[in-house]
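Sequences listed follow chains S and G, in order.
Per our numbering, residue 33 is the first one in the first sequence, and the count goes up by one each step.
Per our numbering, residue 121 is the first one in the second sequence, and the count goes up by one each step.
Cβ atoms here follow ideal geometry from the backbone N, Cα and C, with glycine treated the same way.
The structure under discussion appears below in the form of structure tokens.
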Amino acid sequence: MAHGAAVAHGEHEHHPTGWKRWVYSTNHKDIGTMYIVLSMIAALVGGLMSWAIRLELAEPGIQFIHDTHFYNVLVTAHGFIMVFFVVMPAMIGGFGNWFVPLMIGAPDMAFPRMNNISFWLTAAGFILLMLSAVVGEGPGTGWTVYPPLSSIAFHPGPSVDFGILALHVAGAGSILGAINFIVTIFNMRAPGMTMHRMPLFVWSILVTAFLLLLALPVLAGALTMLLTDRNFGTHFYEVAGGGDPLLWQHLFWFFGHPEVYIIILPAFGIISQIVSTFAKKPVFGYLGMAYAMVSIGVVGFVVWAHHMFMTGIGVNARAYFTVATLIIAVPTGIKIFSWLATMWGGSIEFKAPMLYAMGFIWLFVMGGVTGVVLANGGIDTAFHDTYYVVAHFHYVMAIAAIFAMFGAWYYWIGKMTGRQYPEGLARVQFWVFFIGVNVLFFPQHFLGLAGMPRRIPDYPDVYAGWNFVSSIGAAITMAGTLLFYYVVFHTLASGRKAASNPWGEGATTLEWTVPSPAPFHTHEEMPVIAGGGHGHSHGHGMPRPAE
Amino acid sequence: MNGHERKRFATAAVLSCVAVAMLGLSLWSPTLYRLFCQATGFEGTLRTTNVPPPSGTTATEVLVRFDANVNSALPWRFHPLQREVRLRLGEEALIHYTAVNLSDKPITGMATFNVVPEKAAPYFSKLECFCFTEQTLLPGQEVSMPVVFYVDPGLAEDPTTRDVGTITLSYTFYRSENQPTPTASAAPPSSSTAGAGG
Numbered sequence: 033m034a035h036g037a038a039v040a041h042g043e044h045e046h047h048p049t050g051w052k053r054w055v056y057s058t059n060h061k062d063i064g065t066m067y068i069v070l071s072m073i074a075a076l077v078g079g080l081m082s083w084a085i086r087l088e089l090a091e092p093g094i095q096f097i098h099d100t101h102f103y104n105v106l107v108t109a110h111g112f113i114m115v116f117f118v119v120m121p122a123m124i125g126g127f128g129n130w131f132v133p134l135m136i137g138a139p140d141m142a143f144p145r146m147n148n149i150s151f152w153l154t155a156a157g158f159i160l161l162m163l164s165a166v167v168g169e170g171p172g173t174g175w176t177v178y179p180p181l182s183s184i185a186f187h188p189g190p191s192v193d194f195g196i197l198a199l200h201v202a203g204a205g206s207i208l209g210a211i212n213f214i215v216t217i218f219n220m221r222a223p224g225m226t227m228h229r230m231p232l233f234v235w236s237i238l239v240t241a242f243l244l245l246l247a248l249p250v251l252a253g254a255l256t257m258l259l260t261d262r263n264f265g266t267h268f269y270e271v272a273g274g275g276d277p278l279l280w281q282h283l284f285w286f287f288g289h290p291e292v293y294i295i296i297l298p299a300f301g302i303i304s305q306i307v308s309t310f311a312k313k314p315v316f317g318y319l320g321m322a323y324a325m326v327s328i329g330v331v332g333f334v335v336w337a338h339h340m341f342m343t344g345i346g347v348n349a350r351a352y353f354t355v356a357t358l359i360i361a362v363p364t365g366i367k368i369f370s371w372l373a374t375m376w377g378g379s380i381e382f383k384a385p386m387l388y389a390m391g392f393i394w395l396f397v398m399g400g401v402t403g404v405v406l407a408n409g410g411i412d413t414a415f416h417d418t419y420y421v422v423a424h425f426h427y428v429m430a431i432a433a434i435f436a437m438f439g440a441w442y443y444w445i446g447k448m449t450g451r452q453y454p455e456g457l458a459r460v461q462f463w464v465f466f467i468g469v470n471v472l473f474f475p476q477h478f479l480g481l482a483g484m485p486r487r488i489p490d491y492p493d494v495y496a497g498w499n500f501v502s503s504i505g506a507a508i509t510m511a512g513t514l515l516f517y518y519v520v521f522h523t524l525a526s527g528r529k530a531a532s533n534p535w536g537e538g539a540t541t542l543e544w545t546v547p548s549p550a551p552f553h554t555h556e557e558m559p560v561i562a563g564g565g566h567g568h569s570h571g572h573g574m575p576r577p578a579e
Numbered sequence: 121m122n123g124h125e126r127k128r129f130a131t132a133a134v135l136s137c138v139a140v141a142m143l144g145l146s147l148w149s150p151t152l153y154r155l156f157c158q159a160t161g162f163e164g165t166l167r168t169t170n171v172p173p174p175s176g177t178t179a180t181e182v183l184v185r186f187d188a189n190v191n192s193a194l195p196w197r198f199h200p201l202q203r204e205v206r207l208r209l210g211e212e213a214l215i216h217y218t219a220v221n222l223s224d225k226p227i228t229g230m231a232t233f234n235v236v237p238e239k240a241a242p243y244f245s246k247l248e249c250f251c252f253t254e255q256t257l258l259p260g261q262e263v264s265m266p267v268v269f270y271v272d273p274g275l276a277e278d279p280t281t282r283d284v285g286t287i288t289l290s291y292t293f294y295r296s297e298n299q300p301t302p303t304a305s306a307a308p309p310s311s312s313t314a315g316a317g318g
């Protein structure tokens with residue numbers, strides 16, 4: 033273990049305290065915790081916006097939001113906050129930072145100081161985005177920021193510029209974080225932890241990091257051109273100057289489609305860990321699961337124009353993008369069936385993380401099925417920009433991702449805080465939340481099939497019934513969300529002490545070999561992963577600490 | 121820096137290059153996009169060519185219609201002198217648009233164009249046109265703008281465009297960002313017919 037000792041520098045003995053511990057933090061666990069706290073704050077802001085939207089939509093006519101531009105600002109901010117400042121920080125920055133080094137037997141991330149700046153750039157991005165809503169008229173562009181709506185002619189104030197800079201800053205943070213994860217996973221695995229023995233959560237973060245690295249610079253470039261169009265008289269997206277607004281859509285969706293996989297891939301990893309733990313079996317088809325994620329990542333880069341079926345692209349392009357999109361159902365199907373096969377014949381414990389994992393599978397299959405419908409260029413002509421699309425993407429990536437985050441929180445909170453959550457209350461919280469989101473989003477399929485358009489605060493009376501049901505669902509979801517925050521408080525205040533491994537024989541990954549809560553420094557002596565057998569027959573290699 | 125650290129920095133350097141390359145590609149994309157559209161006729165982008173029509177015309181005829189639009193910020197009148205022409209595939213045609221500056225100030229305009237149906241664009245070849253070139257009109261000045269074009273006989277051979285019997289060429293004039301300065305108004309007007317542009 034010669035190089036294991038070399039990594040444990042003397043400087044790591046120093047334990048900073050007080051505000052310096054957090055602001056100057058270079059510790060992957062503390063930075064992970066800060067990401068999760070940021071996500072929990074942003075989730076309340078983004079959630080409040082969505083409840084305001086549902087409150088307005090509960091009845092036909094305008095009830096509360098008389099400024100319709102402000103309604104668009106709410107829709108825009110809700111999307112941005114949930115994507116960039118709730119899901120990404122929690123899954124990648126939060127659980128990724130906490131558990132990737134623990135799971136591969138590394139003492140910390142490869143570049144701890146870069147890890148710190150990644151977090152603070154993300155936090156600064158969140159503040160800039162909040163400012164964008166209160167300066168000028170607020171960005172009412174939707175999260176897609178299409179010109180000419182986002183151009184200086186229709187958003188003359190500085191709000192869109194603030195939004196652009198928010199995404200630049202948060203994007204830079206994410207790119208640095210992605211480099212950090214890839215270097216850590218490639219170079220800092222413990223002896224015996226081969227690529228094909230890594231836990232699937234580590235695989236999911238690795239693929240996600242590559243998607244971030246390839247997609248986010250394209251968003252940055254597209255945003256830069258939008259910024260210069262707005263402020264410095266260039267014409268990249270303006271027809272009058274020889275530009276083309278469709279160029280923005282191509283660039284945005286070249287980033288935007290991988291972005292939805294950036295959101296859902298870490299969820300795949302989390303669900304694999306949870307299902308394997310509570311079925312007390314290795315993941316079925318480990319290699320297939322890992323390479324399904326790789327192929328989802330690759331194919332995700334060549335399907336972007338299925339978001340643009342209505343822009344007048346030719347029939348050949350629509351045929352290609354329809355088929356390419358349908359192909360994604362193959363690797364995602366591999367994942368679904370492998371999770372089911374993992375559960376098959378297992379002695380399943382229905383604890384809160386497992387309930388959330390199974391809830392995730394239900395939501396993801398629901399949203400996946402409507403995704404296969406929408407992938408067809410012909411059908412999309414009818415469903416484009418209706419509530420059917422809203423229901424589809426909330427099921428498949430938004431609520432599904434939230435379920436994976438809740439599952440991960442319940443699964444790992446004992447390791448992170450040393451205190452176990454209250455099981456009974458957590459199960460109640462699951463059922464309230466599960467019923468809430470389904471009552472909220474399922475009726476939106478019917479609204480979309482009936483032709484109700486998105487992003488409009490009013491609708492004809494014919495849509496009143498299902499909109500009311502949907503808003504009732506939003507109220508139930510709100511109760512479930514507040515209950516979760518109570519569970520968090522209860523756990524931190526009076527949760528019982530967590531054992532090193534509270535889940536028993538099913539939990540075989542390395543994080544369960546260190547005490548709970550995980551000490552400030554872990555794996556300073558690199559653990560050795562027992563050889564013998566192939567990764568795919570083990571699921572993930574049974575770790576044996578070197579000590 | 122020990123060997124392990126060097127390896128980490130090497131990996132990080134490669135990854136940084138990937139990120140910078142993707143950023144560069146996205147910033148280069150307007151050029152790539154234009155080249156792609158010109159090469160494939162994507163989005164109804166026309167070909168401007170110096171290649172004369174292939175010798176010999178076919179018996180198949182196609183109707184070409186002309187459409188003119190002016191952005192509301194540009195106080196010009198702009199219309200084609202012919203509404204439509206019927207010509208054989210491979211036959212060269214000359215038509216004219218005319219533009220008048222209705223204001224009392226010199227104004228610079230710039231035209232964009234495309235054809236519908238978009239799939240016919242690769243077979244619609246312009247030999248001379250006014251496109252993406254700035255035109256300055258003095259108060260009340262009227263200019264005639266020629267378009268020389270032909271429709272390639274390949275239109276009738278391509279299975280995806282065989283059904284095309286009518287092609288519409290559409291121009292839109294916008295107010296240019298580069299307006300003549302007041303002193304420049306004394307400058308001589310551009311020739312009465314606009315020059316060939318790209």
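Could you check where the alpha helix (DSSP H) with S/His-47 kicks off and where it finishes?
Along the first sequence, read from residue 1 onward, the residue named residue 47 of chain S stands at position 15. Where S/His-47 is concerned, there is no enclosing alpha helix (DSSP H), given that its DSSP letter is neither H nor E.
Count the other CB atoms, across all protein chains shown, that sit within 10 Å of the CB of S/Leu-472; report buried if there are 16 or more and exposed otherwise.
Taking the first residue of the first sequence as position 1, residue 472 of chain S is located at position 440. Classification for S/Leu-472: buried.
What residues from chain S crowd round G/Met-142, counting only those whose CB sits closer than 7 Å?
Counting from 1 along the second sequence, the entry for residue 142 of chain G is found at position 22. In chain order: Leu-246, Pro-249, Val-250.
Establish whether the CB of S/Val-355 and some CB of chain G are separated by less than 8 Å.
On the first sequence, residue 355 of chain S is found 323 positions in, with the first residue counted as 1. Chain G contact via Cβ: absent.
Closest by CA to G/Cys-137, which one among S/Ile-211, S/Glu-455, S/Ile-149, S/Phe-96?
On the second sequence, residue 137 of chain G is found 17 positions in, with the first residue counted as 1. Here the closest residue by C-alpha is S/Ile-211.
Taking G/Pro-300 as the reference, which of G/Leu-257, G/Tyr-291, G/Leu-289, G/Val-263 has the closest Cα?
Indexing the second sequence from 1 puts residue 300 of chain G at position 180. Nearest C-alpha to G/Pro-300: G/Leu-257.
Tell me where the alpha helix (DSSP H) around S/Gly-497 begins and ends.
Taking the first sequence and counting its residues from 1, the one referred to as residue 497 of chain S is at position 465. 496–526 is the extent of the alpha helix (DSSP H) around S/Gly-497.
Can you check whether the C-beta of G/Thr-131 is within less than 8 Å of a C-beta belonging to chain S?
Residue numbering aside, residue 131 of chain G sits at position 11 when the second sequence is read from its first letter. So, interface residue.
Can you tell me which of the three DSSP states G/Arg-206 falls into?
For the purposes of this step, residue 206 of chain G is identified with residue 86 of the second sequence, where counting begins at 1. Strand, per DSSP.
Please check if any C-beta of chain G sits within less than 8 Å of the C-beta of S/Asp-276.
Mapped onto the first sequence, residue 276 of chain S falls at position 244. It does; some Cβ of chain G falls within 8 Å.
Could you list which residues in chain G have their beta carbon closer than 8 Å to that of S/Leu-279, in chain order?
Indexing the first sequence from 1 puts residue 279 of chain S at position 247. The answer, in chain order, is Ser-149, Pro-150, Tyr-153.
Is there contact between the region 103–122 of chain S and the region 159–169 of chain S, where contact requires at least three CB pairs shorter than 8 Å?
yes
For S/Asp-99, is the classification buried or exposed, using 16 other Cβ atoms within 10 angstroms of its Cβ as the cut-off for buried?
The residue you call residue 99 of chain S lines up with position 67 of the first sequence. Exposed is the call here.
For G/Tyr-190, name the three-state secondary structure that DSSP assigns.
Sequence index remark: in the second sequence, residue 190 of chain G carries index 70 (1-based). According to the sequence displayed, residue 190 of chain G carries Val and not Tyr. It is a strand residue.
Let me know if S/Lys-61 comes out buried or exposed under the rule of 16 or more other beta-carbons within 10 Å of its beta-carbon.
Locating residue 61 of chain S in the first sequence gives position 29, where the first residue counts as 1. So S/Lys-61 ends up on the buried side.
Could you check how far apart the C-beta atoms of S/Thr-541 and S/Pro-231 are, in whole angstroms? I think they sit under 8 Å.
Translated into positions along the first sequence, residue 541 of chain S becomes position 509. Translated into positions along the first sequence, residue 231 of chain S becomes position 199. Rounded, the Cβ-Cβ distance is 5 Å, consistent with contact.
If you check the beta carbons only, do G/Val-184 and G/Glu-212 fall under 8 Å apart?
Translated into the one-based positions of the second sequence, residue 184 of chain G becomes position 64. Translated into the one-based positions of the second sequence, residue 212 of chain G becomes position 92. Not in contact: G/Val-184 and G/Glu-212 (Cβ atoms no closer than 8 Å).
Cutting at 7 Å between CB atoms, please list the residues of its own chain near G/Ser-296, excluding the five before and the five after it.
Within the second sequence, numbered from 1, the residue matching residue 296 of chain G stands at position 176. Within the same chain, and ignoring the five residues on either side of G/Ser-296 in sequence, the residues whose Cβ sits closer than 7 Å to its Cβ are Thr-228, Gly-229, Met-230, Glu-254.
When the Cα atoms are used, what is the spatial distance from S/Ala-356 to S/Ile-561?
The residue labelled residue 356 of chain S in the question sits at position 324 within the first sequence. The residue labelled residue 561 of chain S in the question sits at position 529 within the first sequence. Each residue's Cα considered, the two are about 39 Å apart.
Taking the straight line between their C-alpha atoms, what separation do you get for S/Thr-65 and S/Phe-158?
Within the first sequence, the letter at position 33 stands for residue 65 of chain S. Within the first sequence, the letter at position 126 stands for residue 158 of chain S. Each residue's Cα considered, the two are about 17 Å apart.
Would DSSP call G/Ala-219 helix, strand or coil?
For this step, residue 219 of chain G is matched to residue 99 along the second sequence. Looking at G/Ala-219 - three-state DSSP - the assignment turns out to be strand.
Can you tell me whether S/Gly-573 is buried or exposed, with buried defined as 16 or more other CB within 10 angstroms of its CB?
Start at 1 with the first residue of the first sequence, and residue 573 of chain S comes out as number 541. In this prediction, S/Gly-573 scores a pLDDT of 44, lower than 50, which makes its location untrustworthy; no coordinate-derived value is stated.
Where does the unbroken beta strand (DSSP E) through G/Gln-255 begin, and where does it stop?
Indexing the second sequence from 1 puts residue 255 of chain G at position 135. Residues 254–257.
Answer with buried or exposed for S/Ser-308, where buried requires no fewer than 16 other C-beta atoms within 10 angstroms of its C-beta.
Counting from 1 along the first sequence, the entry for residue 308 of chain S is found at position 276. It is buried - the Cβ of S/Ser-308 has at least 16 other Cβ atoms within 10 Å.
S/Asn-219 touches chain G at which residues, Cβ-Cβ below 8 Å?
By 1-based counting over the first sequence, the position of residue 219 of chain S is 187. Per Cβ cutoff of 8 Å: His-124, Lys-127, Arg-128, Thr-131.
Give me the chain G residues within the contact set of S/Leu-258, using Cβ-Cβ distance strictly less than 9 Å, ordered along the chain.
For the purposes of this step, residue 258 of chain S is identified with residue 226 of the first sequence, where counting begins at 1. Under the 9 Å cutoff, chain G gives no residues; its nearest Cβ is about 12 Å from S/Leu-258.
Between S/Ser-182, S/Val-520, S/Ile-184, S/Arg-53, which lies nearest to S/Arg-451 when the distance is taken from Cα to Cα?
As a working note, residue 451 of chain S is residue 419 in the first sequence. For S/Arg-451, the nearest C-alpha among the options comes from S/Val-520.
Along the region 183–201 of chain G, where does the CB come closer than 7 Å to a CB of chain S? Name the residues.
Asn-191
Indicate whether at least one CB of chain S lies closer than 8 Å to the CB of G/Glu-297.
Counting from 1 along the second sequence, the entry for residue 297 of chain G is found at position 177. Yes, its Cβ sits closer than 8 Å to a Cβ of chain S.
Helix, strand or coil for S/Tyr-56, going by three-state DSSP, please let me know.
Along the first sequence, one-based indexing puts residue 56 of chain S at 24. Coil.
Should the region 436–454 of chain S be regarded as contacting the region 358–374 of chain S, the criterion being three or more beta carbon pairs within less than 8 Å?
no
For S/Pro-489, which residues of its own chain have a beta-carbon under 6 Å away from its beta-carbon, when the five flanking residues on both sides are left out?
Indexing the first sequence from 1 puts residue 489 of chain S at position 457. Taking S/Pro-489 as the centre and dropping the five residues before and after it, the same chain places the C-beta of Glu-88, Ile-97, Thr-100, Tyr-103 closer than 6 Å to its C-beta, in chain order.
Going along the chain, which residues of its own chain have a beta-carbon closer than 7 Å to the beta-carbon of S/Trp-83, five neighbours each way excluded?
As a working mapping, residue 83 of chain S is identified with position 51 in the first sequence. For S/Trp-83, where only same-chain residues beyond five positions count, the Cβ hits under 7 Å are Ala-506, Met-510.
For S/Ile-124 versus S/Gly-209, is the C-beta spacing smaller than 8 Å?
For the purposes of this step, residue 124 of chain S is identified with residue 92 of the first sequence, where counting begins at 1. For the purposes of this step, residue 209 of chain S is identified with residue 177 of the first sequence, where counting begins at 1. A contact, by the Cβ cut-off of 8 Å.
Measure the CB-CB distance between G/Arg-208 and G/Thr-232 and report whether it falls below 8 Å.
As a working note, residue 208 of chain G is residue 88 in the second sequence. As a working note, residue 232 of chain G is residue 112 in the second sequence. Taking 8 Å as the Cβ cut-off, G/Arg-208 and G/Thr-232 do not qualify as a contacting pair.
Determine contact between the region 232–251 of chain S and the region 140–157 of chain S, defined as no fewer than three beta-carbon pairs at a distance below 8 Å.
These segments do not touch.
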